[in-house]
Each structure stands twice: as C-alpha cells, then as structure tokens.
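Numbering (the working numbering), first residue to last: 1022 to 1107. Positions of the beta carbon are idealized from the N, C-alpha and C atoms, including for glycine. Notes for the one structure printed next.
As structure tokens, then:
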C-alpha cells in the first residue's frame, strides 16, 4: 500500500510500469488507478484525502470505501463506458 510510506508507493509505481509495458506490447488498454488517486490526493504519503483525515488509500475502509466509490465514478466507469462505446 502507498498509504503511509514512500517505499510501498515506489513499489506500486514500479509494478504499474511493468504492467503497462506488458499491456502495451499486446495492445490492451490499461487503467492506472494509482495515477488517478495521486492525481486527486497528491503523491504519497498524504495525511488525508477525499476530505477525510487518515484517508489516502483508495479504499478508505474507515470511511465507507469512499476512495473506491470515487475511483469507480471518476475513473473506471468512464473508461469502460468509452471502451464499450456507450
């Protein structure tokens, strides 16, 4: 998790780079949820996000999963809608 430390965030970014290289070689679109979260909240670590202290992880389990809801509405659904031509 990239919630409270820089090294895990670096690991996530490195793994996403590896995933993007694989997907690009095969022409498969990729949705970078890490970029969406850091675009919204700033780079790790952060003390809060989505207006909630202690909430930086995308899931924000103590806050009703508001990060996942935001990811779904702002990032995932729009990309899938476009891919499906809806």
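- prompt: Which of the three DSSP states, helix, strand or coil, is assigned to residue 1076?
  reply: Your numbering for residue 1076 matches position 55 in the chain shown. Three-state DSSP puts residue 1076 in coil, outside helix and strand.
message: Just list the residues that DSSP pairs residue 1095 with in beta bridges.
response: For the purposes of this step, residue 1095 is identified with residue 74 of the chain shown, where counting begins at 1. Its beta-bridge partners do not exist; DSSP assigns none.
message: Considering only the alpha carbon of each residue, which of 1106, 1073, 1095 and 1067 lies closest to residue 1053?
response: As a first step, residue 1053 is located in the chain shown; it is residue number 32 there, counting from the start. Considering only alpha carbons, the answer is 1095.
message: Using a 10 Å radius around the Cβ and a threshold of 16 neighbouring Cβ atoms, would you call residue 1032 buried or exposed?
response: The residue you call residue 1032 lines up with position 11 of the chain shown. Residue 1032 comes out exposed.
- request: Out of 1057, 1036 and 1039, point me to the one whose CA is closest to residue 1097's CA.
  value: Here residue 1097 refers to the residue found at position 76 of the chain shown. The residue with the shortest Cα to Cα distance from residue 1097 is 1057.
message: Can you give me the C-alpha to C-alpha distance between residue 1046 and residue 1063, rounded to a whole angstrom?
response: Position 25 of the chain shown holds residue 1046. Position 42 of the chain shown holds residue 1063. Residue 1046 and residue 1063: Cα-Cα distance of roughly 29 Å.
task: Closer than 6 Å by C-beta to residue 1061: which residues in its own chain qualify, once you throw out the five before and the five after it? Chain order, please.
output: For the purposes of this step, residue 1061 is identified with residue 40 of the chain shown, where counting begins at 1. Counting only Cβ-Cβ distances below 6 Å, and skipping sequence neighbours, we find nothing.
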